[in-house]
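**Student:** Take this structure, written in structure tokens, and hold onto it; I'll ask about it next.
Protein chains: 2
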Amino acid sequence: MTTSADAFLALDFGGTKLSAAVTCRGEQTWRGLERAFSKPGATANDDITTMLGLARKVLSGVRPVAIGVSFGGPVEPKSGTVRLSDHVPGWENQPLADALTDEFGVPARVDNDANVAALGEYRFGAGQGCHSLLYLTVSTGVGGGWILNERVWHGAEGMAGEIGHTVVDPNGPPCFCGKRGCVERYASGPFIAQDAREELDANPARESSLRTVVELTAQHVSRAAAAGDAYACEVLERAGWALGIGIGNAVNLMNPQRVVLGGGVTKAGPIFWNAVRQTAAATARREITLDIVPAQLGDDAPLWGAVALAEEA
Amino acid sequence: MTTSADAFLALDFGGTKLSAAVTCRGEQTWRGLERAFSKPGATANDDITTMLGLARKVLSGVRPVAIGVSFGGPVEPKSGTVRLSDHVPGWENQPLADALTDEFGVPARVDNDANVAALGEYRFGAGQGCHSLLYLTVSTGVGGGWILNERVWHGAEGMAGEIGHTVVDPNGPPCFCGKRGCVERYASGPFIAQDAREELDANPARESSLRTVVELTAQHVSRAAAAGDAYACEVLERAGWALGIGIGNAVNLMNPQRVVLGGGVTKAGPIFWNAVRQTAAATARREITLDIVPAQLGDDAPLWGAVALAEEA
């Protein structure tokens with residue numbers, strides 16, 4: 044294996060999807076990119092084997108100078124040890140950075156996906172030039188990551204960024220975490236779909252094009268809202284309202300320079316974005332300049348963040 | 044004037060009270076401490092003149108090596124320029140650090156009171172040894188300051204720490220800031236007293252020892268609760284509940300190592316503290332270790348923080 048003095052290997056262990064990519068210092072395109080689905084019933088070792096295959100393919104004989112990894116679950120960032128995965132068994136206390144260093148003979152750094160995506164948007168996307176930012180991904184869950192003083196802020200125990208489980212209405216509907224009215228309870232894709240379905244079922248007189256949809260998703264709600272369905276608009280506006288309070292509260296606490304929103308739900312269009320921005324503005328102190336922008340890197344944010352991690356390795 | 048290589052001058056411009064103190068490097072007691080009330084109708088220039096008098100008195104002919112200042116209002120911390128005071132006219136854009144440097148010929152640093160008190164508790168009080176902490180003062184208002192990576196976190200525009208105006212119940216009572224259900228709306232001394240009075244007036248059948256109090260304050264509520272008054276306990280528990288949600292949300296977002304609570308309202312006793320701790324624990328993620336402790340420096344926290352600022356000058 045020849046070493047390239049410039050090549051970075053970026054790995055993304057998502058819940059169900061594995062991605063490996065190679066880029067070179069100063070470049071903003073991939074030299075190689077491979078993706079695979081995690082096999083049904085796969086264990087941590089299976090995923091590592093699949094990922095190593097993808098990595099060898101994109102490297103095609105070149106040894107990288109460093110490796111960066113985004114992991115979909117809690118990580119001890121200093122050692123690069125995975126704490127656990129909610130999706131794949133066997134990840135408990137896996138020393139992932141060490142295993143990759145053993146395999147490739149180069150330094151490796153690992154962090155959780157929200158932190159890595161925040162770093163990606165900061166270095167290569169919508170957060171470039173900001174000293175501080177809050178990144179949110181609104182998707183199956185609602186996660187967050189902080190960049191403060193140009194570095195990821197992990198918190199004392201690596202748990203910072205849990206905006207999804209900040210409470211915006213203590214009398215709101217019950218969340219799976221045991222509390223009521225969390226941001227995630229209103230704004231995640233599955234909860235948007237669930238609320239849309241349950242309220243239609245509970246109100247037979249309410250008209251909506253969503254009534255005929257068999258397996259209702261948040262994407263159906265977004266599309267119906269874009270087509271003018273008043274009920275779908277209401278559902279999306281409530282999600283945006285909850286996210287807006289959560290962002291307004293976070294901004295009052297930390298006053299970051301920018302807020303970057305990524306994840307599938309944020310593709311819901313202007314009805315959603317207007318609700319987020321208006322509620323955040325009404326919640327934040329007047330003295331604070333609100334700058335809420337869409338993420339730029341899309342699904343590649345964790346991979347680009349992994350490149351930034353590799354640069355620091 | 045002789046210079047002492049070790050003397051720090053600490054100044055505290057409160058809303059209505061001015062304090063000046065001198066200590067020496069490595070000491071944790073005052074060599075001299077003088078306080079005066081701001082004269083009724085005083086302007087910024089009057090307060091500066093009074094403060095210079097106090098400073099000369101505590102210095103008694105010694106020139107300090109540096110000056111630190113706590114100011115009760117927003118400040119531009121890099122330049123040490125005051126933005127404004129809500130209490131005293133004429134403070135708009137006053138270059139306070141420069142004026143003190145001109146007067147004493149030594150470097151001066153200025154920050155707002157919540158940040159300076161956070162720094163004081165971190166260096167000399169309940170936050171010693173912590174890399175990160177959230178300090179709250181619960182008094183006439185509810186203010187906050189962050190220490191992250193052993194430094195004050197100001198935010199992009201110096202507005203970080205506004206936990207008092209994070210929303211904990213969007214359907215709650217109206218706050219003077221224009222929103223509903225802010226932490227400060229429930230937990231500040233004046234609002235505790237107002238709620239206690241208004242609910243008694245609205246419920247003539249409700250029994251409470253507070254009914255006979257003429258000018259009801261939060262301190263009366265605390266004392267009645269300590270004496271077993273059930274209504275007073277309810278009022279205090281609601282304040283603690285709101286503060287607990289605000290702290291739980293802040294802890295989910297930032298995961299600081301410790302939370303330090305100061306200010307008059309936090310002297311309300313175990314009924315208040317239990318409500319704060321229980322609600323914060325129920326709001327914070329289980330993976331986060333909650334460590335909520337009382338401030339140690341009392342009313343002197345801003346002055347000790349000013350010493351820490353002077354050390355950095």
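As given, the protein sequences belong to chains A and B, one line each in that order.
If you use the numbering used here, the first sequence closes out at 356, no skipped numbers anywhere.
If you use the numbering used here, the second sequence closes out at 356, no skipped numbers anywhere.
Backbone N, C-alpha and C define an ideal beta-carbon position, used for all residues, glycine too.
Can you name the residues of chain A whose CB is closer than 8 Å to the CB of E330/B?
**Tutor:** Residue 330/B sits at position 287 when you count from the first residue of the second sequence. In chain order: P117, E200, M202.
**Student:** Do we get a CB-CB distance below 8 Å when we pair L340/B with the residues of chain A?
**Tutor:** As a first step, residue 340/B must be located in the second sequence, where it is residue number 297. Output row for L340/B: interface = no.
**Student:** For a contact meaning CB atoms closer than 8 Å, what does M297/B contact in chain A?
**Tutor:** The count along the second sequence starts at 1 and reaches residue 297/B at position 254. What M297/B touches in chain A: W189, W196, G198, A203, L296, M297.
**Student:** So that I know if they touch, is there some Cβ in chain B lying closer than 8 Å to that of V125/A?
**Tutor:** Counted from its first residue, the first sequence places residue 125/A at position 82. Chain B contact via Cβ: absent.
**Student:** Let me see if you follow: with CB-CB separation under 8 Å, is K121/A close to chain B or not?
**Tutor:** The sequence position of residue 121/A within the first sequence is 78, counting from 1. With 8 Å as the cut-off, K121/A does not count as an interface residue toward chain B.
**Student:** Measure how close the beta-carbons of R52/A and L102/A come, nearest whole angstrom, since I'm counting them as under 8 Å.
**Tutor:** In the first sequence, counting from the first residue as 1, residue 52/A sits at position 9. In the first sequence, counting from the first residue as 1, residue 102/A sits at position 59. With the sequence shown as reference, residue 52/A is identified as Leu, and Arg is not the correct amino acid for it. Between L102/A and L52/A the Cβ distance is about 6 Å, and since that is below 8 Å, they are a contact.
**Student:** Determine the closest residue to T332/A out of P299/A, D342/A, G341/A, with distance taken between C-alpha atoms.
**Tutor:** Residue mapping note: residue 332/A aligns to position 289 of the first sequence, counting from 1. Minimum Cα distance to T332/A is reached at P299/A.
**Student:** Along chain A, in chain order, which residues have C-beta atoms closer than 8 Å to that of V210/B?
**Tutor:** Within the second sequence, the letter at position 167 stands for residue 210/B. The answer, in chain order, is V211, I288, G291, N292, T326.
**Student:** Give me the residue from T144/B, C225/B, G312/B, P117/B with the minimum Cα distance to N136/B.
**Tutor:** Taking the second sequence and counting its residues from 1, the one referred to as residue 136/B is at position 93. Among T144/B, C225/B, G312/B, P117/B, the Cα nearest to that of N136/B is on P117/B.
**Student:** Starting from K222/B, find everything on chain A with Cβ-Cβ shorter than 8 Å and list it in chain order.
**Tutor:** The residue labelled residue 222/B in the question sits at position 179 within the second sequence. Neighbours of K222/B on chain A, chain order: A325, T326.
**Student:** Can you name, in chain order, every residue of its own chain whose Cβ lies under 8 Å from the Cβ of A236/B, other than the five neighbours on each side?
**Tutor:** Mapped onto the second sequence, residue 236/B falls at position 193. Within the same chain, A236/B has close Cβ partners L259, T260, A261, H263, V264.
**Student:** Does DSSP put S113/B in a helix, a strand or coil?
**Tutor:** To locate residue 113/B, count along the second sequence from 1; it is residue 70. If DSSP states are grouped into helix, strand and coil, S113/B belongs with the strands.
**Student:** Figure out for me which residue from L177/B, G198/B, V181/B has the closest Cα to the Cα of G188/B.
**Tutor:** Counted from its first residue, the second sequence places residue 188/B at position 145. It is L177/B.
**Student:** Ignore the nearest five residues each way along the sequence and tell me which others in V185/A's own chain have a CB closer than 7 Å to its CB.
**Tutor:** To locate residue 185/A, count along the first sequence from 1; it is residue 142. Cβ within range, chain order: L179, I206, G207, V226, E227, A230, S231.
**Student:** Determine the extent of the beta strand (DSSP E) in which N302/B is found, giving its start and end residues.
**Tutor:** Taking the first residue of the second sequence as 1, we reach residue 302/B at position 259. Note on identity: in this sequence residue 302/B is Val, with Asn being the wrong assignment. Segment 301 to 305, the beta strand (DSSP E) holding V302/B.
**Student:** Determine the DSSP secondary structure at C220/B, reduced to helix, strand or coil.
**Tutor:** Position 177 of the second sequence holds residue 220/B. Coil at C220/B, not helix or strand.
**Student:** Would you mind reading off the limits of the alpha helix (DSSP H) that contains I235/B?
**Tutor:** What you label residue 235/B is simply residue 192 of the second sequence in a count that begins at 1. I235/B -> alpha helix (DSSP H) spans 232 to 245.
**Student:** State yes or no: is the beta carbon of Q321/A nearer than 8 Å to at least one beta carbon in chain B?
**Tutor:** Here residue 321/A corresponds to residue number 278 of the first sequence, with the count starting at 1. Chain B, which has no Cβ nearer than 8 Å to the Cβ of Q321/A, makes this no.
**Student:** What number of angstroms, rounded off, separates the C-alpha of G198/A from the C-alpha of G204/A?
**Tutor:** Here residue 198/A corresponds to residue number 155 of the first sequence, with the count starting at 1. Here residue 204/A corresponds to residue number 161 of the first sequence, with the count starting at 1. Computed Cα separation, rounded: 8 Å.
**Student:** Roughly how many whole angstroms lie between the Cα atoms of S252/A and R320/A?
**Tutor:** Locating residue 252/A in the first sequence gives position 209, counting from the first residue. Locating residue 320/A in the first sequence gives position 277, counting from the first residue. Rounded to whole angstroms, S252/A to R320/A spans 27 Å at the Cα level.
**Student:** With a threshold of 8 Å between beta carbons, is I110/A in contact with chain D?
**Tutor:** Here the protein chains are A and B, and chain D is not one of them.
**Student:** Under the DSSP definition of a beta bridge, which residues are partnered with G187/B?
**Tutor:** As a first step, residue 187/B must be located in the second sequence, where it is residue number 144. In DSSP, G187/B forms a bridge with L179/B.
**Student:** Measure from the C-beta of I235/B to each C-beta in chain A and report whether the shortest distance is under 8 Å.
**Tutor:** Mapped onto the second sequence, residue 235/B falls at position 192. Not an interface residue.
**Student:** Counting only beta-carbon separations shorter than 8 Å, does I206/B have a partner in chain A?
**Tutor:** Residue mapping note: residue 206/B aligns to position 163 of the second sequence, counting from 1. Yes, because at least one Cβ of chain A sits closer than 8 Å to the Cβ of I206/B.
**Student:** Can you list the beta strand (DSSP E) stretches of 3 or more residues lying completely in the segment 64 to 111 of chain B, in chain order?
**Tutor:** Here the runs fully enclosed are 75 to 80.
**Student:** In angstroms, rounded to a whole number, what distance separates the CA positions of R329/A and G287/A?
**Tutor:** Taking the first sequence and counting its residues from 1, one reaches residue 329/A at position 286. Taking the first sequence and counting its residues from 1, one reaches residue 287/A at position 244. Going from the Cα of R329/A to the Cα of G287/A covers about 15 Å.
**Student:** Look at the Cβ atom of A98/B, then the Cβ atom of A356/B, and state whether they are nearer than 8 Å.
**Tutor:** Numbered from its first residue, the second sequence carries residue 98/B at position 55. Numbered from its first residue, the second sequence carries residue 356/B at position 313. It is not a contact, given that the beta carbons lie outside the stated cut-off.
**Student:** Would you please state the rounded distance, in angstroms, between the beta carbons of F56/A and I110/A? I believe it to be under 8 Å.
**Tutor:** Numbered from its first residue, the first sequence carries residue 56/A at position 13. Numbered from its first residue, the first sequence carries residue 110/A at position 67. That belief does not hold up - the Cβ atoms of F56/A and I110/A are roughly 12 Å apart, past 8 Å.
**Student:** A270/B and L279/B look like a contact to me (Cβ under 8 Å); what is the Cβ gap, rounded to whole Å?
**Tutor:** Translated into the one-based positions of the second sequence, residue 270/B becomes position 227. Translated into the one-based positions of the second sequence, residue 279/B becomes position 236. Not really, about 12 Å apart at Cβ, beyond 8 Å.
**Student:** Figure out for me which residue from A351/B, G133/B, R281/B, I314/B has the closest Cα to the Cα of P216/B.
**Tutor:** Against the second sequence, residue 216/B aligns to sequence position 173. Taking only the C-alpha atoms, the option nearest P216/B is R281/B.
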